[in-house]
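K.L.:
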Amino acid sequence: MSALSTPESDNCLIYTSQPRIQPTKLTQNTDFSMARKQLKKHRLFSSERPSSTAPIIPSSEGASRPSADAPSVAGPSAKTPRKLFSRMRHLFPRSNQTRSEPLTTETTNTGIGSQVNDAQQAMVDMEPIPQVLQTATGLVGQAGTAVTQIQSIETILQPLKLFNTFVTTLSNVHPYVQFALGILTAASQLLINQANLDNEVFGLLNTVKDLYEFLMEKDTIENMDSMKETLRRISQEMSAAALFVIKYCKKKNILIRIGDSLVSDPQTVARGHIKNLGDLMQQYRDRAIRDIQINMSHVLEDLNFEGMAYAAGAGLNTTKKCLDGTRTEILKDITNWITTCDVNAPRILWLHGQPGRGKSAIAHTIASWIEDVGAPGACFCFARDRQAERWEEKILTTIARDLADCDPAFRRALSNVVSNNHTLKTTCDVLWQWKRFILEPLSKINGEIVGNVVVVIDALDESGPETSRREILGLLKSSEAAHLPANFWILLTSRPLPDIERVMRDIPHVKATSLDDVPRELVERDIQLYVSKELDCFPSIGATEVQNVVKKSDGLFEWARLACEFIRP
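The sequence shown begins at 1 in UniProt numbering and counts up by one.
1. Using DSSP with H/G/I as helix, E/B as strand and the rest coil, what is Leu-231?
2. Residues in its own chain within less than 6 Å of Ser-553 by CB, not counting five upstream and five downstream?
3. Out of Glu-217, Phe-305, Ile-234, point me to the one whose CA is closest to Gly-374's CA.
4. Kindly indicate the opening and closing residues of the alpha helix (DSSP H) around Lys-551.
5. I'd like the list of long-range same chain contacts for Glu-501, defined as Cβ closer than 7 Å, with 5 residues on each side in sequence excluded.
6. Quick check on DSSP: helix, strand or coil for Ile-438?
7. Which residue from Pro-539, Arg-436, Lys-551 puts its Cα closest to that of Arg-525?
8. Do Glu-480 and Leu-439 have their CB atoms nearer than 7 Å?
9. Nearest-angstrom Cα distance between Thr-135 and Ser-419?
10. Whole angstroms is fine: what's the gap from Trp-391's alpha carbon to Asp-333's?
11. May I have a chain-ordered list of the beta strand (DSSP E) segments no shorter than 3 residues that lie completely inside the segment 432-504?
12. Output the boundary residues of the alpha helix (DSSP H) element that contains Ala-563.
13. For the alpha helix (DSSP H) holding Ala-409, just list the boundary residues, first then last.
14. Please list the terminal residues of the continuous beta strand (DSSP E) segment that includes Lys-511.
15. So which of Val-450, Ser-463, Ala-512, Ala-459 has the shortest CA-CA distance to Leu-191?
16. Would you list, in sequence order, the uninterrupted beta strand (DSSP E) runs of no fewer than 3 residues that lie entirely inside the segment 332-373?
17. What residue from Thr-467, Glu-393, Asp-458, Ser-415 has the CA that sits closest to Leu-431's CA?
18. At which residues does the alpha helix (DSSP H) containing Gly-272 begin and terminate?
19. Taking the alpha carbon of Thr-207 as the point to measure from, which residue in Cys-428, Ala-270, Met-216, Lys-161 has its own alpha carbon closest?
20. Need the endpoints of the beta strand (DSSP E) that Phe-538 sits in, please.
21. Helix, strand or coil: which one does DSSP assign to Lys-209?
22. Output needed for Lys-533: all residues of its chain with C-beta closer than 7 Å, excluding positions within five of it in sequence on either side, in chain order.
23. Grab the span of the alpha helix (DSSP H) containing Lys-425 for me, first residue to last.
24. Compare the Cα-Cα distances from Leu-221 to each of His-273, Ala-241, Arg-285, Lys-247 and report the closest residue.
25. Counting Cβ pairs closer than 8 Å, one from the segment 482-494 and one from the segment 407-419, do we hit at least three?
26. Out of Leu-414, Arg-469, Thr-426, Lys-425, state which residue places its alpha-carbon closest to the alpha-carbon of Leu-442.
27. Could you tell me the alpha carbon to alpha carbon distance between Cys-564 and Ile-246, rounded to whole angstroms?
28. If you follow the beta strand (DSSP E) that Gly-377 is in, where does it begin and where does it stop?
29. With a 10 Å radius around its C-beta and 16 neighbouring C-beta atoms as the bar for buried, classify Gln-267 as buried or exposed.
30. On a Cα-Cα basis, can you pick out the residue from Lys-444, Trp-350, Pro-539, Asp-279 that is closest to His-509?
31. Quick one, are the C-beta atoms of Ala-367 and Leu-403 less than 7 Å apart?
32. Go through its chain and collect everything with a Cβ distance to Arg-327's Cβ below 8 Å, but skip five positions before and after it.
33. So, Ile-490 versus Ile-338, is the Cβ gap smaller than 7 Å?
34. What is the C-beta distance between His-174 and Lys-228, in whole angstroms, given that I count them as a contact (C-beta under 8 Å)?
35. For Ile-156, tell me which candidate among Cys-379, Leu-211, Gly-542, Leu-181 has the shortest Cα-Cα distance.
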């Protein structure tokens, strides 16, 4: 069946039994004689007559019903097509149309119902309905289902919104738990902001709704500190699920979805997240730790960063972490700073103090917690015995590569920056590295990272002479550092050397915290816990000997550590 425009109107169609051709908008100079001859020839030689069955017109509910306006015997009629197209205009409204008398339409044994289907398809071909509209409504008969689904999505998202408000009321939780809750809050906010949801992720969102309702139950809240490990796994799984939903929904074209390695089988991925989240909730209820494999692979693309300098050995060292239960006040302060909702909070926290105060232990503890909960981050630690390797020239390339390893969006953005640019990969210019390896990728992936990005730079004072860190200090005080993304934080530790203090003091986007100002009783309490733990294997050492070590340490953790090593065989 073919659709042709008449010379009297571009908006009326002729239906013949010729093979259907793609309709196009015809100009006034178009020759219609051939179309008329074909139509006349068809009427002359056609020997079949249509049946007297009443035409079937689709109803708004999707069912079929006989038309009351249709003639009892189908045949050439001017009234039937006019009424038919009147219904079609109701289903498919078009702007700037003028109504004119259509030519007589010849019907066939397929019936008027199939003509309506072909006419609908022809009009869709002529003026495609926007994809978002097709997703929202589909066929006319599915409009009610679409509205119901939209309402259901709003119902699903409501617990996520309540959870984000609820988290702000929690205060007396372990900083480790606070990091996990921060990941969950970020994941929920990204899902709330994701409007283009469809059936592939609808079941997953139902499970997410159950999860956030579960997290707000009284029994869950009361046991958060004792279930840190399970909560960590929940935050990791939720982070992966949020990234999957965002990645999937951004691929509006089904062909792109099929070709994407992350969502090549979205139903399987969604079911995997549903199962893991369900198992983790049950594990929390049972107060048990079981081995549940969290899929955090992210399917990292095979992107080549070969040639970018990397400072091997400058990363996290978990043996340097604080003993559990010590330095709780300062760790809580740092955690509150990282998880704050205040967009005007300083982007950089400078933790300083005299040698032996425990700055590195605090830095490695924060970096360890960030890694445990699955948040993106990096840790770079200067060392006095590695100064000859000029790590100050590799700090930002190392940090950039570490961020690329833990976040796929940053990885792609960084790859786009360095691809086919060997000079950029091997540059020693720290300011250039800052702009191209850090600021540029971050600007391209705004809103695509789940949770807070925390970069820990430890012992900057051990980089070498003042000239070795001059450029690093310059970029930290720059306006670009002041306007880093709202979820990007830099924790810097060092001794208060004159050159560092001159730069870092009195800068609005730098929060300075001194370990020298921590109350003496809190420091001695923590040192006593440390010494008791280290020497508890010696029956001959009692509370008196422990207290002597604490007093002689004079508030320096490093002195206490060396004393315990000397006492042990």
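The C-beta atom is built at its ideal place from N, Cα and C for all residues, glycine as well. This structure is a prediction, so every number in the text was calculated from the model and none was measured.
P.N.:
Short version:
1. helix
2. Ile-527, Trp-559, Ala-560
3. Ile-234
4. 543-553
5. none
6. helix
7. Lys-551
8. yes
9. Legend: pLDDT at Thr-135 = 39, less than 50; position of this residue unreliable, value from coordinates given subsequently. Roughly 37 Å separates the two Cα atoms.
10. 30 Å
11. 453-458, 488-494
12. 557-567
13. 408-418
14. 510-514
15. Val-450
16. 348-352
17. Glu-393
18. 266-286
19. Ala-270
20. Looking at the DSSP string, Phe-538 is not in any beta strand (DSSP E), and its letter there is neither H nor E.
21. helix
22. Leu-323
23. 422-425
24. Before going further, note that residue 221 is Ile rather than Leu in the sequence given. Comparing Cα positions, the closest option is Arg-285.
25. no
26. Leu-414
27. 51 Å
28. 377-381
29. exposed
30. Trp-350
31. no
32. Gly-358, Ala-361, Ile-362, Thr-365, Asp-526
33. no
34. 6 Å
35. Leu-211
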